[in-house]
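S.K.: Would you mind keeping the following structure in view while I ask a few things?
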Amino acid sequence: MIEIRNVRKSFGNHEVIKGVSLEVKKGEVLCLIGASGSGKSTMLQCINGLEPIQAGEILVDGISVHAKSTDLNLLRQKLGIVFQQYNAFPHLNALENVALAPRIVRKMRPKDALEIAREHLDYVGLSAQAEQYPTSLSGGQQQRLAIARALAMKPDYMLFDEVTSALDPELVGEVLDTIRKLRTNGMTMIMVTHDIAFARESADRVAFFDGGVICEIGDARQVITAPNKERTQQFLQRVLH
Amino acid sequence: MFGYTFYWSIVWQKLPELAAGAALTLQITVLSMILGTAFGAALAIGRQGRGLGLRLSTAWVELARNTPALFQIYMVYFGLGAFGIHLSSYVAMVAALTFNNAGYLAEVFRGGLSSVPKTQMSAARSLGMTVGQSYARVVFPQVFKTVFFPYVNQLNWALLNSSLGMIIGLRELTGATQAAQSESFRTFEFFLVAAAIYFLLSKIVEVSARLIFRRLFRT
Numbered sequence: 001m002i003e004i005r006n007v008r009k010s011f012g013n014h015e016v017i018k019g020v021s022l023e024v025k026k027g028e029v030l031c032l033i034g035a036s037g038s039g040k041s042t043m044l045q046c047i048n049g050l051e052p053i054q055a056g057e058i059l060v061d062g063i064s065v066h067a068k069s070t071d072l073n074l075l076r077q078k079l080g081i082v083f084q085q086y087n088a089f090p091h092l093n094a095l096e097n098v099a100l101a102p103r104i105v106r107k108m109r110p111k112d113a114l115e116i117a118r119e120h121l122d123y124v125g126l127s128a129q130a131e132q133y134p135t136s137l138s139g140g141q142q143q144r145l146a147i148a149r150a151l152a153m154k155p156d157y158m159l160f161d162e163v164t165s166a167l168d169p170e171l172v173g174e175v176l177d178t179i180r181k182l183r184t185n186g187m188t189m190i191m192v193t194h195d196i197a198f199a200r201e202s203a204d205r206v207a208f209f210d211g212g213v214i215c216e217i218g219d220a221r222q223v224i225t226a227p228n229k230e231r232t233q234q235f236l237q238r239v240l241h
Numbered sequence: 001m002f003g004y005t006f007y008w009s010i011v012w013q014k015l016p017e018l019a020a021g022a023a024l025t026l027q028i029t030v031l032s033m034i035l036g037t038a039f040g041a042a043l044a045i046g047r048q049g050r051g052l053g054l055r056l057s058t059a060w061v062e063l064a065r066n067t068p069a070l071f072q073i074y075m076v077y078f079g080l081g082a083f084g085i086h087l088s089s090y091v092a093m094v095a096a097l098t099f100n101n102a103g104y105l106a107e108v109f110r111g112g113l114s115s116v117p118k119t120q121m122s123a124a125r126s127l128g129m130t131v132g133q134s135y136a137r138v139v140f141p142q143v144f145k146t147v148f149f150p151y152v153n154q155l156n157w158a159l160l161n162s163s164l165g166m167i168i169g170l171r172e173l174t175g176a177t178q179a180a181q182s183e184s185f186r187t188f189e190f191f192l193v194a195a196a197i198y199f200l201l202s203k204i205v206e207v208s209a210r211l212i213f214r215r216l217f218r219t
């Protein structure tokens with residue numbers, strides 16, 4: 001379970017998260033929606049400790065992410081994250097991209113790490129591209145590679161940060177299909193997305209971020225089709241029409 | 001006035017000594033480059049930071065790049081000697097050349113580091129890698145690709161700089177040549193041959209570097 005308690009986060013004098021609390025249970029899929037700059041992406045980066053927080057607490061399976069005593073490198077093995085800009089390692093081919101962390105972090109033997117990597121490339125449908133370098137892959141393929149790379153660490157949770165925003169429209173489908181497959185397999189996920197239709201279809205709950213706070217949170221269909229708050233209605237009207 | 005007669009046979013007699021000198025030259029070069037690369041990488045990272053790390057690494061880089069290598073060698077050999085730290089000329093030479101290489105390489109690496117997006121570091125850290133692992137496995141391999149040719153340039157420069165070892169009594173190629181010619185005063189012949197050997201060593205270094213580059217980065 002991921003518990004977020006009254007988290008505040010600033011960049012310099014600019015407070016981007018102004019007291020956010022929420023819980024995500026095992027097996028649940030939560031989508032964060034809201035305008036750019038509302039703090040949703042920053043929230044994700046805080047969950048796996050890439051960003052420090054100024055107040056509050058984030059617990060992953062009861063372990064405090066920002067406590068000094070926490071071994072972040074160990075904790076991050078539970079939390080896979082995929083970024084908007086893929087961030088494939090350009091000096092490694094697809095197979096090596098996926099095998100690197102199992103070998104270095106999990107200290108697997110090279111042969112076993114490659115075996116794990118092959119399995120995960122296969123899972124995201126990139127078996128045929130195993131020997132290719134990221135520069136020769138399409139955006140959608142690179143993003144699926146990034147998902148395979150995160151999954152190879154066998155995380156308990158996956159965080160997706162606007163993973164389809166940088167993609168050409170015709171490449172979005174293949175990435176969303178991969179996420180759907182993960183959902184079917186019961187992965188716990190937190191997704192930041194601008195794709196409202198996808199959020200309604202695949203999320204259990206949706207949280208609408210507005211100005212650094214959660215304006216509305218609830219059942220995905222209810223929040224998107226019949227929001228209670230006026231701000232949520234205004235936002236959805238803007239993005240859906 | 002063109003009556004100079006070349007007298008080569010004396011050079012061939014001394015060739016084993018020159019070859020031993022060349023071997024020492026290579027040894028000093030390689031050692032000071034390996035150590036220089038490690039320190040240079042640390043300095044480049046230090047210069048991205050703040051506080052004491054930034055000040056120390058900046059001081060190192062500025063001193064190494066803006067004073068003659070000859071002065072640096074004197075400082076390590078005679079300067080430290082004045083404080084009671086007596087290094088052999090071999091150790092002093094490797095230390096001084098490492099200091100020099102690290103200063104130049106830090107600047108080479110700094111350029112390379114700025115060409116790697118910061119998000120590469122985030123991606124590596126998010127997979128559970130430590131800062132050190134992320135630099136070693138993700139960031140620096142990319143840096144090396146961008147800076148490979150300036151890096152080889154420094155390697156060549158280190159090879160030629162090692163000739164300064166002569167002034168602290170080291171029998172590297174120049175020292176060995178100097179010693180050999182002083183018995184016969186056939187200076188011209190000896191230094192021509194030494195120059196040819198330097199040229200050859202430089203070319204070998206350059207060509208092998210290109211081969212390694214192709215093998216490593218598959219371009």
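Chains as they are written, first to last, in the UniProt record's numbering: chain A, 1 to 241; chain B, 1 to 219.
Glycine included, every Cβ here is placed at the ideal spot set by N, Cα and C.
Going residue by residue through the segment 11 to 51 of chain A, where are the continuous alpha helix (DSSP H) segments of at least 4 residues, counting only ones entirely within it?
M.R.: Taking only runs of at least 4 residues, the alpha helix (DSSP H) segments lying wholly in the segment 11 to 51 of chain A are 40 to 47.
S.K.: Going along chain B in order, which residues have a C-beta closer than 7 Å to the C-beta of A/A101?
M.R.: By one-based count along the first sequence, residue 101 of chain A stands at place 101. Within chain B, the residues near A/A101 are L127, G128, M129.
S.K.: For chain B, find out if any of its Cβ atoms is closer than 9 Å to the Cβ of residue 245 of chain A; answer yes or no.
M.R.: The structure shown has nothing for residue 245 of chain A, since chain A only spans 1 to 241.
S.K.: For chain A, check one thing: does any of its Cβ atoms lie closer than 9 Å to the Cβ of B/A92?
M.R.: Numbered from 1 along the second sequence, position 92 holds the residue referred to as residue 92 of chain B. Chain A contact via Cβ: absent.
S.K.: Can you give the Cα-Cα distance for A/Q54 and A/I17, rounded to whole angstroms?
M.R.: Translated into the one-based positions of the first sequence, residue 54 of chain A becomes position 54. Translated into the one-based positions of the first sequence, residue 17 of chain A becomes position 17. One C-alpha to the other measures close to 10 Å.
S.K.: Leaving aside the five residues before and after B/L43 along the sequence, list all residues of the same chain whose C-beta is less than 7 Å from its C-beta, in chain order.
M.R.: What you label residue 43 of chain B is simply residue 43 of the second sequence in a count that begins at 1. Cβ within range, chain order: S57, W60, V61, A102, A106.
S.K.: Please list the residues of the segment 25 to 58 of chain B that have a C-beta atom closer than 9 Å to any C-beta atom in chain A, keeping them in chain order.
M.R.: none
S.K.: Find the residues of chain B that neighbour A/Q129, judging by a C-beta separation of less than 9 Å, and give them in chain order.
M.R.: Locating residue 129 of chain A in the first sequence gives position 129, where the first residue counts as 1. Those within 9 Å of A/Q129 in chain B number zero; the least Cβ separation is about 16 Å.
S.K.: Is the Cβ-Cβ distance between B/V94 and B/L164 less than 9 Å?
M.R.: Here residue 94 of chain B corresponds to residue number 94 of the second sequence, with the count starting at 1. Here residue 164 of chain B corresponds to residue number 164 of the second sequence, with the count starting at 1. Their beta carbons are not under 9 Å apart, which means B/V94 does not touch B/L164 by this criterion.
S.K.: Could you check which residue in A/E162, A/K181, A/H194, A/Q141 has the C-alpha nearest to that of A/V171?
M.R.: The sequence position of residue 171 of chain A within the first sequence is 171, counting from 1. Inspection of the sequence shows that residue 171 of chain A is occupied by Leu rather than by Val. Ranking A/E162, A/K181, A/H194, A/Q141 by Cα distance to A/L171 puts A/Q141 first.
S.K.: For B/A124, would you say it is in contact with chain A, using Cβ-to-Cβ distances shorter than 9 Å as the test?
M.R.: The sequence position of residue 124 of chain B within the second sequence is 124, counting from 1. So, interface residue.
S.K.: Alpha carbon to alpha carbon, how far is B/L211 from B/W12? Give it in angstroms, no decimals.
M.R.: As a first step, residue 12 of chain B must be located in the second sequence, where it is residue number 12. As a first step, residue 211 of chain B must be located in the second sequence, where it is residue number 211. Distance between the alpha carbons of B/W12 and B/L211: 32 Å.
S.K.: Return the chain-ordered list of same chain residues with a C-beta closer than 7 Å to the C-beta of B/F148, the five sequence neighbours on each side being excluded.
M.R.: Position 148 of the second sequence, counting from 1, holds the residue named residue 148 of chain B. So the qualifying residues of the chain are F213.
S.K.: Please list, in chain order, the chain B residues whose beta carbon lies closer than 7 Å to that of A/P90.
M.R.: For the purposes of this step, residue 90 of chain A is identified with residue 90 of the first sequence, where counting begins at 1. For A/P90, the chain B residues whose C-beta falls within less than 7 Å of its own C-beta are Q142, listed in chain order.
S.K.: For A/R183, collect the residues of the same chain with a Cβ closer than 8 Å to its Cβ; drop the 5 residues on either side in sequence, then sort them by chain order.
M.R.: Within the first sequence, the letter at position 183 stands for residue 183 of chain A. V29, M189, S202.
S.K.: On the criterion of 16 or more Cβ atoms from any shown chain inside 10 Å, does A/A128 qualify as buried, or is it exposed?
M.R.: Here residue 128 of chain A corresponds to residue number 128 of the first sequence, with the count starting at 1. Exposed, by the Cβ-count rule.
S.K.: Against residue 277 of chain A, what residues of chain B qualify as contacts under a CB-to-CB distance less than 9 Å, listed in chain order?
M.R.: As shown, chain A starts at 1 and ends at 241. That puts residue 277 of chain A outside it, with no answer to give.
S.K.: So with Cβ pairs under 9 Å, would you call A/A35 a contact of chain B?
M.R.: Residue 35 of chain A sits at position 35 when you count from the first residue of the first sequence. Chain B, which has no Cβ nearer than 9 Å to the Cβ of A/A35, makes this no.
S.K.: In three-state DSSP terms, what is B/M75?
M.R.: Within the second sequence, numbered from 1, the residue matching residue 75 of chain B stands at position 75. Note: B/M75 maps to helix in three-state DSSP.
S.K.: 9 Å is my cut-off, CB to CB: does A/G139 come that close to chain B?
M.R.: Against the first sequence, residue 139 of chain A aligns to sequence position 139. No - not a single Cβ of chain B is within 9 Å of the one on A/G139.
S.K.: Please check if any C-beta of chain A sits within less than 9 Å of the C-beta of B/P150.
M.R.: The sequence position of residue 150 of chain B within the second sequence is 150, counting from 1. So no, B/P150 is outside the interface.
S.K.: What are the boundary residues of the beta strand (DSSP E) that includes A/L59?
M.R.: Along the first sequence, read from residue 1 onward, the residue named residue 59 of chain A stands at position 59. Where A/L59 is concerned, the enclosing beta strand (DSSP E) stretches over 55 to 60.
S.K.: Return no unless some Cβ of chain A is closer than 9 Å to the Cβ of B/K14.
M.R.: Numbered from its first residue, the second sequence carries residue 14 of chain B at position 14. Judged by the 9 Å Cβ criterion, B/K14 is not in contact with chain A.
S.K.: Could you tell me whether the segment 96 to 115 of chain A touches the segment 59 to 69 of chain A, where touching means 3 or more Cβ pairs closer than 8 Å?
M.R.: Judged by Cβ distances under 8 Å, the segment 96 to 115 of chain A makes no contact with the segment 59 to 69 of chain A, as fewer than three pairs qualify.
S.K.: Could you work out which residue in A/Q85, A/T232, A/D156 is closest to A/R144 when comparing CA atoms only?
M.R.: As a first step, residue 144 of chain A must be located in the first sequence, where it is residue number 144. It is A/Q85 whose Cα lies nearest to the Cα of A/R144.
S.K.: Less than 9 Å between CB atoms is the rule here; does B/V108 satisfy it with respect to chain A?
M.R.: Here residue 108 of chain B is taken as the residue at index 108 of the second sequence, counted from 1. No, no contact with chain A.
S.K.: Taking buried to mean at least 16 other C-beta atoms within 10 Å of its own C-beta, is A/A226 buried or exposed?
M.R.: Counting from 1 along the first sequence, the entry for residue 226 of chain A is found at position 226. Result: exposed.
S.K.: Taking Cβ to Cβ, would you say A/I116 is nearer than 9 Å to A/A99?
M.R.: In the first sequence, counting from the first residue as 1, residue 116 of chain A sits at position 116. In the first sequence, counting from the first residue as 1, residue 99 of chain A sits at position 99. Contact flag set, yes.
S.K.: Who are the neighbours of B/R137 on chain A, taking C-beta pairs under 8 Å?
M.R.: Working through the second sequence from its first residue, we reach residue 137 of chain B at position 137. Near B/R137 (Cβ distances below 8 Å), the residues of chain A are L100, I104.
S.K.: At what residues does the beta strand (DSSP E) containing B/G165 begin and finish?
M.R.: For the purposes of this step, residue 165 of chain B is identified with residue 165 of the second sequence, where counting begins at 1. Segment: none, B/G165 is in no beta strand (DSSP E) and carries neither H nor E.
S.K.: Applying the criterion that 16 or more other CB atoms from any shown protein chain within 10 Å of the CB defines a buried residue, is B/A19 buried or exposed?
M.R.: Mapped onto the second sequence, residue 19 of chain B falls at position 19. By the C-beta density criterion, B/A19 is exposed, having fewer than 16 other C-beta atoms within 10 angstroms.
S.K.: Which residue wins for smallest C-alpha separation from B/I28, given the options B/Q154, B/L159, B/G53?
M.R.: Here residue 28 of chain B is taken as the residue at index 28 of the second sequence, counted from 1. Nearest C-alpha to B/I28: B/L159.
S.K.: Can the beta-carbon of A/G62 be found less than 9 Å from the beta-carbon of A/R5?
M.R.: Within the first sequence, the letter at position 62 stands for residue 62 of chain A. Within the first sequence, the letter at position 5 stands for residue 5 of chain A. No; because the gap between Cβ atoms is not below 9 Å, this pair is not in contact.
S.K.: At the level of alpha carbons, what is the spacing between A/Y123 and A/N13?
M.R.: The residue given as residue 123 of chain A occupies position 123 in the first sequence. The residue given as residue 13 of chain A occupies position 13 in the first sequence. If you take the alpha carbons of A/Y123 and A/N13, they lie about 44 Å apart.
S.K.: In or out: B/F71 buried (at least 16 other Cβ within 10 Å) or exposed?
M.R.: Taking the second sequence and counting its residues from 1, one reaches residue 71 of chain B at position 71. Its Cβ having fewer than 16 others within 10 Å, B/F71 is exposed.
S.K.: Ordered along the chain, which non-local residues of its own chain (more than five positions away) have a Cβ less than 7 Å from that of A/S21?
M.R.: The residue labelled residue 21 of chain A in the question sits at position 21 within the first sequence. Cβ neighbours of A/S21 beyond the five flanking positions: I4, R5, N6.
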